[in-house]
Amino acid sequence: MVRFLISTPETMRNELKKIAKEHGQTLNGLIRQILWEWVENQGKQDKETKYAGN
Numbered sequence: 001m002v003r004f005l006i007s008t009p010e011t012m013r014n015e016l017k018k019i020a021k022e023h024g025q026t027l028n029g030l031i032r033q034i035l036w037e038w039v040e041n042q043g044k045q046d047k048e049t050k051y052a053g054n
């Protein structure tokens, strides 16, 4: 695993931290989950766009 540093507004960090706590996750775990879901959705959108043109 590699370290990945991102900068966010403090309000965003606070909101994400609150959501993570509500779901019993760490902030890091929540952000990884969000990123994986985004990556997976992008792949689906790419496939839909590709096949929509046929």
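Oh and the sequence shown: position 52 is 52 in UniProt numbering, straight run, nothing missing.
Heads up, the beta-carbon is just placed ideally off N, CA and C, and yes, glycines get one too.
Item	Value
Within 7 angstroms, strictly: CB atoms of leucine 27 and leucine 16	yes
Separation of valine 2 from glutamine 45, as counted between CA atoms	27 angstroms
When Arg32, Gln25, Asn14, Gly24 are compared against phenylalanine 4, the one with the closest alpha-carbon	Arg32
Glycine 43 versus leucine 30 - alpha carbon distance	20 angstroms
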